Amino acid sequence: MAARKHLLVLLTLFLAACTAEQGGTPHPAPRVSSPPPVENLPSTKVRSIFDGRTVELADGTRARISLLAEPASCTAAAALDFATKTLLDKEVRVNSITPGEVSLMLPDGTDFALAAVSAGMMRTSGVDGGPLMDAETRASKAKLGLWAEECPTSTPAPPPPTSTSAAPPPASPCVVVYRITSTWPGSFQAEVTVRNVSGALIDGWTLRWQFTDGQTVTQMWNATASQSGADVSVTNAGYTSLIVADGSISLGFNGTVNGLNAVPTTFTLNGAACTTG
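As numbered in mature numbering (1 follows the signal peptide of the UniProt record, and there is no 0), residues -22 to -1, 1 to 255 make up the sequence shown, in order.
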């Protein structure tokens, strides 16, 4: 009899347990963690702006703002200006997305990336939908910021500079003054002064010119002359070989002439053209 009572008690407890499992309160679902509230994110300041999406935080960390594309060259200045006015020296809350990338929350709780895209200052990157893509679509339709005009895909090369006149000749290293000092029938005497304006010492020289009226050199001092037809070549004497910078030497000669006695107009010193004075 006692065994039967124990069996009835066990059966009653078993049925009660089954009833509770079938008709009782369900077990609670496991809890899933959610992103931390904005107010729980660490707060810092932005101390440098490198471009529209790259910043340096107060602790020296340099980071790229997540989900923003690199600014186009034609709008990079506007993007930098927007980021500077919005973030520089401002307190922000930082949420690290991946190493080297962060999202920045402005003091009013606005995500900077969303603000930049909404203003048309930046484009999104790596986004398939959501608020950022919606903001980019609205900015594009409203022609805001970079959407106001199409950025060229490449910058055309500037046309080559055009010149309306020939390049000026190089500065002459010498100035020659040729002066007829006296004349008499069939003969004349002349003096030639050579000035060194090259800025450097001349050590040894040859002066050349050409007569146009059949003149000939018969005797020369301070130098040695040789002549072939109209061409005259004059080489320094030993004591006149040096011409210091901004200094000069003078040589003289007697010559013959029959008729006109035009002054030579073209002189060279060691192959370089001289000006005449």
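All C-beta atoms, glycine included, are put in the ideal place defined by N, C-alpha and C.
As the structure is a computational prediction, the values presented were derived from the model and not from experiment.
In the three-state reduction of the DSSP assignment, D86 falls in the coil class, being assigned neither a helical nor a strand state. Contact annotation: A61 and A113 have beta-carbon atoms that are not nearer than 9 Å. By the C-beta density criterion, T39 is exposed, having fewer than 16 other C-beta atoms within 10 angstroms.
At the C-beta level, S165 and G233 come within 9 Å of one another. Per DSSP, F60 is one residue of the alpha helix (DSSP H) stretching across 54 to 65.
Spatial neighbours of G225 in its own chain (CB-CB distance under 8 Å, excluding positions within 5 residues in sequence) are listed in chain order as R173, N174.
Per DSSP, M100 lies in no beta strand (DSSP E) and is assigned neither H nor E. Short of 8 Å from the beta carbon of T53, and not among the five residues preceding or following it, lie these beta carbons of its own chain, in chain order: M99, G123, L124, C129. A223 places its beta carbon less than 9 Å from that of G177. The criterion of a C-beta distance shorter than 9 Å is not satisfied by T190 and S211. Annotation for V153: R173, V175, C252, T253, G255 place their beta carbon closer than 7 Å to its own, counting only its chain and skipping 5 residues before and after.
According to DSSP, R186 shares a beta bridge with S211, T246.
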